[in-house]
Amino acid sequence: MPEFFKLYGTESRCSAALERARWPDGFRCPRCSGGAHCVLRGGTHKVFQCNACRHQTSLIAGTVFQGTKLELTLWFLAIYLISQAKTGLSALALKRHLGVSYPTAWLIHHKLMQAMAQREARYVLEGQVQVDDAYLGGERSGGKVGRGSENKVPFVAAVSLSDDGHPLRIKLTPVEGFTLKSIALWAKAHLAPGSTVYSDGLACFSAVTDVGCVHRPTVVAGRKPKDMPEFQWINTVLGNLKTSLTGSYHAFGFQKFAPRYLAAFTYRFNRRFDLATLHQRLIVAAVRCGPQPQRSIRLAEGHC
Ligand SMILES: [Zn+2]
């Protein structure tokens, strides 16, 4: 924390860090790609004017920070807290730490989770991949329990493994249901052709063969993946996920925003060996993510 404040404790330091993250090799005009520019000052943020086409770009325009009235130091502190919190951070905790209103904390949280989701969307799983059907959220009293339960968000949990059986990357993707059609769509978006997919034999997973993957179902009567050593990593990931989301399960709109919560968990898991530099990576993700108007942040995302 002291180290963080030394680096990002003032508005001008945050501004300089943002500029480095956005243009590591120096300013490039977003319209004509020209490098020659002059800097206009006077407003809240630096404005770059391209010498070639005269286009003006504010430091925060075109990033997740576009349109913000908040100080950058506040955003950077949020980035730090979110990236360092081991089991995730709720908007309520963020509100307390930042001293802002709940709606403001919620928006900061969701915009940064969206930046993580977009970053994560660039990757597909390859090689040996374990998959399982999973559900998020609690059932209301009187609802059905287990697969097909009401008020639950079905999602595919997938882990890619190294040759010696260690987890490399995960993907947690909400799907409309566990049908051949939705798993075929999921596989197309998230698996590299040629991957070998291990499942517990749920029929829909055979659809991965549609996209050139090999399906290896393990069918053992009466056993669920949680009892099978073959599915150790899936179970570990799902256990960690449950701990991480405990405080959010009952939050308003949780189901609607489940894809974003899952992507944020995934983002952190897939970078678990880079915790010390995670905030720097998240700054880059925020800069690359593009503007996220409140309207679109509050809209639910579609399925895969
Ligand atoms: Zn230009």
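Residue numbers (this note's numbering): 1413 to 1716. Using N, Cα and C, we set each Cβ at its ideal position, and we do this for glycine too.
With 16 other CB atoms within 10 Å as the buried threshold, where does residue i fall?
i     : result
G1555 : Bear in mind that the predicted position of G1555 carries a pLDDT of just 42, short of 50, making it too unreliable to give a figure here.
Q1704 : buried
E1532 : buried
K1593 : exposed
C1465 : exposed
V1557 : Summary for V1557: the model assigns pLDDT 49, below 50, so the residue's position carries little reliability; its value from the coordinates is reported in the next sentence. Exposed is the call here.
V1451 : exposed
V1541 : buried
C1444 : exposed
Q1706 : exposed
Y1679 : buried
V1626 : exposed
Y1420 : buried
R1434 : buried
A1570 : buried
R1710 : exposed
V1609 : buried
Going by the DSSP bridge assignment, what does residue i pair with across the sheet?
i     : result
F1460 : V1451, T1469
H1627 : V1609
V1571 : Q1542, I1582
V1565 : L1548
L1489 : L1489 is not bridged to any residue.
L1729 : Coverage of the chain is limited to positions 1413 through 1716, which leaves residue 1729 absent and any answer about it impossible.
Ligand 1 and residue i: does any heavy atom of the ligand fall closer than 7 Å to the residue's C-beta?
i     : result
R1443 : yes
H1467 : yes
A1615 : no
A1676 : no
G1446 : yes
A1464 : yes
Less than 8 Å between the CB atoms is what I'm expecting for residue i and residue j, so what's the real figure, rounded?
i     : j     : result
P1586 : L1674 : 7 Å
P1566 : D1545 : 7 Å
A1676 : A1529 : 7 Å
S1572 : R1581 : 5 Å
A1698 : F1477 : 7 Å
With C-beta atoms as the reference, is residue i less than 8 Å away from residue j?
i     : j     : result
L1506 : C1426 : no
L1493 : H1509 : yes
K1583 : L1653 : no
A1599 : A1619 : yes
A1497 : I1520 : no
G1474 : C1462 : no
H1522 : F1669 : yes
S1611 : P1629 : yes
A1503 : W1487 : no
L1471 : H1449 : no
Is residue i near ligand 2, judged by its Cβ being under 7 Å from some heavy atom?
i     : result
Y1514 : Ligand 2 is absent from the structure shown, which contains only ligand 1.
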